[in-house]
Amino acid sequence: MAAVEAPPAGRGGWKNPGVARDRDVHAFDVRAPAYESGGLGRLHHEIADRTIALALRSAPNPGRVLDVGCGTGYLLRELARRLPEATRLEGVDAAPRMVETARSLAPADARLHFSRGFVEDLPHPAGSFELVISTTSFDHWADQAAGLAECARVLAPGGHLVLTDLFSLLLWPTLLAGHRGRARTVRLATRRLRAAGFQSIRWHRSHAILLRTVIASAPSATTDAGAEAWS
Ligand SMILES: C[S@@+](CC[C@H](N)C(=O)[O-])C[C@H]1O[C@@H](n2cnc3c(N)ncnc32)[C@H](O)[C@@H]1O
Numbered sequence: 080m081a082a083v084e085a086p087p088a089g090r091g092g093w094k095n096p097g098v099a100r101d102r103d104v105h106a107f108d109v110r111a112p113a114y115e116s117g118g119l120g121r122l123h124h125e126i127a128d129r130t131i132a133l134a135l136r137s138a139p140n141p142g143r144v145l146d147v148g149c150g151t152g153y154l155l156r157e158l159a160r161r162l163p164e165a166t167r168l169e170g171v172d173a174a175p176r177m178v179e180t181a182r183s184l185a186p187a188d189a190r191l192h193f194s195r196g197f198v199e200d201l202p203h204p205a206g207s208f209e210l211v212i213s214t215t216s217f218d219h220w221a222d223q224a225a226g227l228a229e230c231a232r233v234l235a236p237g238g239h240l241v242l243t244d245l246f247s248l249l250l251w252p253t254l255l256a257g258h259r260g261r262a263r264t265v266r267l268a269t270r271r272l273r274a275a276g277f278q279s280i281r282w283h284r285s286h287a288i289l290l291r292t293v294i295a296s297a298p299s300a301t302t303d304a305g306a307e308a309w310s
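Okay, so the sequence shown: first residue is 80 according to my numbering, each after it adds one.
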């Protein structure tokens, strides 16, 4: 298997969140080789398929795409098939074995790139992508505010963020215990997206009852006071 490079040196603002993050990443390393198998693997494919459908409604032909927390790369493999004109399809994941698996499953397509990295400290220059997409990763980010700020930074003007994860009022009790500080409701996540500068925030029902997809536009010089909207 290909070696996976170390994550980039810190940009500065983001502090290493330490042990909890390491434990999370290790758990995904262990799951990586069989991640796409069985019922859970199928579920993740279905979530990615639904997210792609929603993303391509808002951004029908993105040239450069970044998948943050890309796991084994299924979503980008699908986008490579569906977007012949895209020039760069890039995946970043914190778990080295997820990255190794993504590379091993990828077809020979020079547009596909997978590397190890943390959303809180992306190695890309500002304005690098028209679409930043992420499925079932946001809930694991050690610092969601820093992660969203990085997504905003790497988006080109007019670009879109598309994020699918668990967002439901039913999860509110979990915020009192192990998931303290996580934006697991539409309201908290909307607040966090706005704080990162995102605009035109639109929520969509996704695959299952607790899953939602949010689509937001990259920050621009003008402000958007619009309330959250549903479709
Ligand atoms: C549930 S998996 C989802 C993988 C893939 N997106 C999918 O939908 O199948 C969550 C992924 O997020 C990654 N992840 C967690 N925290 C991260 C962070 N701070 N930066 C980048 N990736 C992260 C994990 O390593 C894991 O591969």
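Using N, Cα and C, we set each Cβ at its ideal position, and we do this for glycine too.
- The distance from the Cβ of leucine 240 to that of phenylalanine 277 is about 6 Å, consistent with a contact at the 8 Å cut-off.
- Residue burial is scored here from C-beta neighbours: serine 296 has at least 16 other C-beta atoms within 10 angstroms and is therefore classed as buried.
- Spatial neighbours of leucine 133 in its own chain (CB-CB distance under 7 Å, excluding positions within 5 residues in sequence) are listed in chain order as Val241, His283, Thr292, Ile294.
- With fewer than 16 other beta carbons inside 10 angstroms of its own, alanine 205 counts as exposed.
- Per DSSP, leucine 135 is one residue of the alpha helix (DSSP H) stretching across 117-137.
- In this structure, aspartate 108 sits near arginine 176, with a CB-CB distance shorter than 8 Å.
- The three-state reading of DSSP puts serine 285 in coil, since its state is none of H, G, I, E or B.
- The region 103-120 and the region 137-144 do not touch, with fewer than three beta-carbon pairs separated by less than 8 Å.
- In terms of CA proximity to leucine 201, Leu234 leads the group Arg190, Ala187, Leu234.
- By DSSP's assignment, threonine 151 forms no beta bridge with any residue.
- By the rule of a C-beta closer than 5 Å to any heavy atom of ligand 1, the residues picked out are Phe107, His123, Gly148, Gly150, Asp172, Ala173, Ala174, Met177, Phe197, Val198, Thr214, Thr215, Ser216, His219, Trp220.
- In the assembly as shown, glycine 260 is an exposed residue. Its beta-carbon has fewer than 16 other beta-carbons within 10 Å.
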